[in-house]
Amino acid sequence: DSGVTQTPKHLITATGQRVTLRCSPRSGDLSVYWYQQSLDQGLQFLIQYYNGEERAKGNILERFSAQQFPDLHSELNLSSLELGDSALYFCASSEPRLAGDTGELFFGEGSRLTVL
Amino acid sequence: DAKTTQPPSMDCAEGRAANLPCNHSTISGNEYVYWYRQIHSQGPQYIIHGLKNNETNEMASLIITEDRKSSTLILPHATLRDTAVYYCIVRVEDNYGQNFVFGPGTRLSVLP
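Protein chains in written order, with my numbering: chain G, 914 to 1029; chain R, 49 to 160.
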């Protein structure tokens, strides 16, 4: 158990719909990262938040958005869903930068989105 | 794009050492080598990382060549539960998400 919690674990919806994926980082972690993994594809970095502010943006579509709340949980909003958005969506968190920390990412178990 | 090259798949007999290679010929002086693995469709799991020196922890050993252009992850006694996709990543040691670039990885199959 990494300490990162993602909900829901599974989600089935239709094209054109909107969904929200939720992530609670490990206690004390300030950074939250979102990744997308399509079938047989590698993990694609989408976006990162640090202490409530966007820090880095990757290959995130304009139909997707995210935010990090004051309690540090994060939500990834996916709208106007297409069949190709079906994927595993992972959230990860990392510690604040301190001397000696590994800089590792702690991943949740993912949310599997199926768009029909 | 990933800065590393790994073989797409490897097999290893249960109980034997699994040696997973990674090429990172364009690595910069301040970039670390990280290894993660992903078992089935679970979230990726951190294994080990290093800069120049060889590293060992309870999960694995990391051997980095002197010129740092390649490295090898060693699982000393592979078990069936080590069957997974192993990712080699080079990145600076910071918290910027765009620097965590996962390539296709190596699919390791541990055979009974």
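Think of the CB as a built atom: it goes at the ideal place given N, C-alpha and C, for glycine as much as any other residue.
Span separating the alpha-carbon of residue i from that of residue j
| i | j | result |
| --- | --- | --- |
| glutamate 79 of chain R | leucine 99 of chain R | 7 Å |
| glutamine 980 of chain G | serine 937 of chain G | 12 Å |
| histidine 88 of chain R | aspartate 984 of chain G | 31 Å |
| alanine 1012 of chain G | leucine 1018 of chain G | Low per-residue confidence applies at alanine 1012 of chain G: pLDDT is 46, beneath 50, and the placement is therefore not dependable enough to give any value. |
| proline 160 of chain R | methionine 107 of chain R | 20 Å |
| alanine 61 of chain R | glutamate 975 of chain G | 46 Å |
| valine 149 of chain R | glutamine 961 of chain G | 13 Å |
| valine 1031 of chain G | leucine 996 of chain G | Not covered by the structure: residue 1031 of chain G. The range shown for chain G is 914 to 1029. |
| threonine 926 of chain G | threonine 113 of chain R | 49 Å |
| serine 978 of chain G | glycine 941 of chain G | 24 Å |
| arginine 64 of chain R | serine 1006 of chain G | 34 Å |
| phenylalanine 958 of chain G | threonine 127 of chain R | 30 Å |
| leucine 1026 of chain G | leucine 1001 of chain G | 6 Å |
| arginine 139 of chain R | valine 81 of chain R | 7 Å |
Strand pairing of residue i, partner residues [DSSP]
| i | result |
| --- | --- |
| histidine 923 of chain G | G:Arg1025 |
| serine 937 of chain G | G:Thr918 |
| leucine 121 of chain R | R:Leu68, R:Leu110 |
| isoleucine 96 of chain R | R:Trp83 |
| alanine 969 of chain G | G:Gln961 |
| glutamate 988 of chain G | G:Arg935, G:Gln980 |
| aspartate 59 of chain R | R:Ser157 |
| phenylalanine 1003 of chain G | G:Tyr948 |
| arginine 139 of chain R | R:Tyr80 |
| threonine 104 of chain R | R:Ser109 |
8 Å Cβ cutoff met for residue i and residue j
| i | j | result |
| --- | --- | --- |
| glutamine 1030 of chain G | glutamate 1022 of chain G | One cannot answer for residue 1030 of chain G here, as it falls past the ends of chain G, which runs 914 to 1029. |
| asparagine 71 of chain R | serine 109 of chain R | no |
Exposure label - residue i; buried when at least 16 CB within 10 Å
| i | result |
| --- | --- |
| alanine 132 of chain R | buried |
| serine 73 of chain R | exposed |
| glycine 91 of chain R | buried |
| threonine 52 of chain R | buried |
| leucine 952 of chain G | exposed |
| aspartate 998 of chain G | buried |
| glutamine 54 of chain R | buried |
Contact test: residue i Cβ vs the ligand ATP heavy atom, cutoff 7 Å
| i | result |
| --- | --- |
| valine 932 of chain G | Ligands in the displayed structure: none, and consequently the ligand ATP is not present. |
Cβ shell of residue i (< 7 Å), same chain only, five flanking positions each side left out
| i | result |
| --- | --- |
| tyrosine 94 of chain R | Tyr84 |
| aspartate 130 of chain R | Ala66, Leu123, Leu156, Val158 |
| tyrosine 134 of chain R | Leu68, Trp83, Arg85, Leu121, Gly153, Thr154, Leu156 |
| serine 858 of chain G | The question about residue 858 of chain G has no answer here: the residues shown for chain G are numbered 914 through 1029. |
Beta-carbon contacts of residue i that lie in its chain and below 6 Å, excluding the five residues immediately before and after
| i | result |
| --- | --- |
| threonine 120 of chain R | Asn67, Pro69, Ile111 |
| arginine 116 of chain R | Ile75 |
| arginine 935 of chain G | Thr920, Glu988 |
| asparagine 964 of chain G | Leu943 |
| histidine 986 of chain G | Ser937 |
| isoleucine 973 of chain G | Leu959, Ile960 |
| arginine 931 of chain G | Ser992 |
Min CB distance residue i to chain B below 8 Å
| i | result |
| --- | --- |
| serine 57 of chain R | The structure shown contains no chain B; its protein chains are G and R. |
Own chain, CB closer than 8 Å to residue i, minus 5 neighbours either side, in chain order
| i | result |
| --- | --- |
| methionine 58 of chain R | Ala66, Leu68, Thr154, Arg155, Leu156, Ser157 |
| leucine 924 of chain G | Val932, Leu934, Ser1024, Arg1025, Leu1026, Thr1027 |
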